[in-house]
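Take any residue in the sequence shown, note its place counting from 1, add 2, and you have its number in our numbering.
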Amino acid sequence: MKTDTHPTVFDAKVTCASCGTTWTTTSTKKELRIDVCSNCHPFFTGESAKLLDVEGQVDRFYKKLTARQTYVEDQKAREESTNVNNRSVDDLGLTPRATESLKRAGLLTIGKVVDKLAEGDAAILAINGYGQSALTATKKKLRALDIELPEAPKVEKESKENKEVKEEKAAE
3 MKTDTHPTVF DAKVTCASCG TTWTTTSTKK ELRIDVCSNC HPFFTGESAK
53 LLDVEGQVDR FYKKLTARQT YVEDQKAREE STNVNNRSVD DLGLTPRATE
103 SLKRAGLLTI GKVVDKLAEG DAAILAINGY GQSALTATKK KLRALDIELP
153 EAPKVEKESK ENKEVKEEKA AE
């Protein structure tokens, strides 16, 4: 048999760096310092000196959490963009003069413009700086956005007889 094949064994003094507990065990080193022990950490099994996230579970959790948050934000943005009535009148792409006149009149969203169109063409044409060509362009753009335009209230035309009767009454 060969001599000196086995390592030298000592009664080693083990010291925990976290709680300061000391105990004695056998080891090839005379003194051991460890980070955690079973006295100061309830889940320490003695298999590893440090508690590490070896499998990256925490990082994976945070990655999933941030991915979910960005997904929810994207969904919210999509819902708002599909709700055309909440979009700005700038999105219609009208001339700067027409857009500014709508803004001055308080029609800041497409929904408000559609509501004004429901009152009739005369109501929106009464806005200072907003003309017939702007009205035509607005209607085209709204149809392109698949917005159902409200029918303008119909104004009954007076017949010639009714006009003559009214004129005669006014003359009397």
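Here a beta-carbon is modelled for each residue, glycine too, at the ideal position from N, C-alpha and C. Quick caveat: nothing in here was measured; it's all calculated off a predicted structure.
Using the rule of at least 16 other Cβ atoms within 10 Å of the residue's Cβ for burial, across every protein chain shown, is residue i buried or exposed?
{"i": "Y132", "result": "buried"}
{"i": "A100", "result": "buried"}
{"i": "L94", "result": "buried"}
{"i": "L147", "result": "exposed"}
{"i": "E166", "result": "exposed"}
{"i": "V60", "result": "exposed"}
{"i": "A172", "result": "exposed"}
Using the Cα positions of residue i and residue j, report the straight-line distance between them to the nearest angstrom.
{"i": "A19", "j": "E33", "result": "13 Å"}
{"i": "K141", "j": "L151", "result": "8 Å"}
{"i": "P98", "j": "L104", "result": "10 Å"}
{"i": "C21", "j": "N41", "result": "8 Å"}
{"i": "A51", "j": "I36", "result": "The predicted position of A51 is uncertain, since its pLDDT is 49 and thus under 50; a value taken from the coordinates is nonetheless stated next. Spanning the two alpha carbons is a distance of roughly 6 Å."}
{"i": "G108", "j": "Q77", "result": "29 Å"}
{"i": "E81", "j": "I129", "result": "31 Å"}
{"i": "H8", "j": "T30", "result": "10 Å"}
{"i": "L119", "j": "L127", "result": "10 Å"}
{"i": "V74", "j": "D92", "result": "26 Å"}
{"i": "T68", "j": "K143", "result": "38 Å"}
{"i": "E121", "j": "T138", "result": "16 Å"}
{"i": "T10", "j": "T28", "result": "10 Å"}
{"i": "T72", "j": "E102", "result": "35 Å"}
{"i": "R70", "j": "R62", "result": "12 Å"}
{"i": "K65", "j": "E57", "result": "14 Å"}
{"i": "R106", "j": "E170", "result": "43 Å"}
{"i": "L110", "j": "E153", "result": "21 Å"}
{"i": "A79", "j": "Q134", "result": "34 Å"}
Taking residue i as the reference, give the member of the options with the closest Cα.
{"i": "H43", "options": "S103, E102, G113, T23", "result": "T23"}
{"i": "C186", "options": "T72, P9, K66, V16", "result": "Coverage of the chain is limited to positions 3 through 174, which leaves residue 186 absent and any answer about it impossible."}
{"i": "K114", "options": "V86, A136, A139", "result": "V86"}
{"i": "P149", "options": "E57, V116, A139, K65", "result": "Checking the sequence shown, residue 149 turns out to be Ile, not Pro. I149 has its Cα closest to that of V116, out of E57, V116, A139, K65."}
Can you give the beta carbon distance from residue i to residue j, rounded, assuming they're within the 8 Å contact cut?
{"i": "T5", "j": "A14", "result": "The pair is not a contact, with the Cβ atoms about 24 Å apart (cut-off 8 Å)."}
{"i": "I112", "j": "R145", "result": "12 Å between Cβ atoms; not a contact."}
{"i": "L96", "j": "A124", "result": "Their Cβ separation, rounded to whole angstroms, is 19 Å, which puts L96 and A124 out of contact at 8 Å."}
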